[in-house]
Amino acid sequence: MLSCPATIPLSSRTLNHLAVRIRSHRNQRRSRWRHLEPGQQALLTLAHLCIGDPYTRLAAGFEIGVATAWRYVQEAIALLSSAADDLDTAMRRIRLLAVHDPGRHPDPDRPGRGPEAVLLRKT
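Letter 86 of the sequence shown, counting from 1, is numbered 86 in the UniProt record's numbering, and no numbers are missing.
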């Protein structure tokens, strides 16, 4: 088996955040054992999401089955999506955190806004 080491541009904070969510989910479900530890499952998921590695390659790299790799990724994605805000809440937070410049308005859907009033535009 040939392997190709790769680097993933992600912080340890991101990896630990997902690993903690996976660990607490396993404790809630009283899962007895898994092929991968929570940190490895988080790395597997983030490798799939960040790099787009196919399940067959991930399964070979982590020495698990393709179906197991798919289940682990789907489980982690479900945990991340359950913790995410809905779109309305996210937009409210963005509006609260936005810097109120004189030429900008916190509501990006405001009718009649000019190109200079686009929220979060890079200048």
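All residues carry an ideal CB built from backbone N, CA and C; glycine is no exception. Small disclaimer: the values here were computed from a predicted structure and weren't measured.
Apart from the five residues just before and just after residue i, which ones in its own chain have a Cβ nearer than 8 Å to its Cβ?
| i | result |
| --- | --- |
| Thr68 | His35, Ala59 |
Can you tell me which of the three DSSP states residue i falls into?
| i | result |
| --- | --- |
| Arg23 | helix |
| Ile77 | helix |
| Asp88 | helix |
| Pro9 | coil |
| His17 | helix |
| His35 | coil |
| Gly52 | coil |
Classify residue i as buried or exposed, calling it buried when 16 or more other Cβ atoms lie within 10 Å of its own Cβ.
| i | result |
| --- | --- |
| Gln74 | exposed |
| Leu87 | exposed |
| Ala47 | buried |
| Thr89 | exposed |
For residue i, collect the residues of the same chain with a Cβ closer than 7 Å to its Cβ; drop the 5 residues on either side in sequence, then sort them by chain order.
| i | result |
| --- | --- |
| Gln41 | Ile22, Tyr72, Ala76 |
| Ile64 | His35, Leu36 |
| Ser28 | Looking at the sequence itself, residue 28 is Gln, so the reference to Ser does not match. Closer than 7 Å at the Cβ level, and outside the excluded window around Gln28, lies no residue. |
| Val66 | Tyr55, Thr56, Ala59 |
Within a Cβ cutoff of 6 Å, which residues of the same chain sit near residue i, ignoring the five residues on either side of it in sequence?
| i | result |
| --- | --- |
| Pro38 | Ala19, Ile22, Arg23 |
| His25 | Leu79 |
| Ala84 | none |
| Thr45 | Val73, Ala76 |
Going by beta-carbon coordinates alone, are residue i and residue j separated by less than 8 Å?
| i | j | result |
| --- | --- | --- |
| Leu15 | Leu43 | yes |
| Tyr55 | Trp70 | yes |
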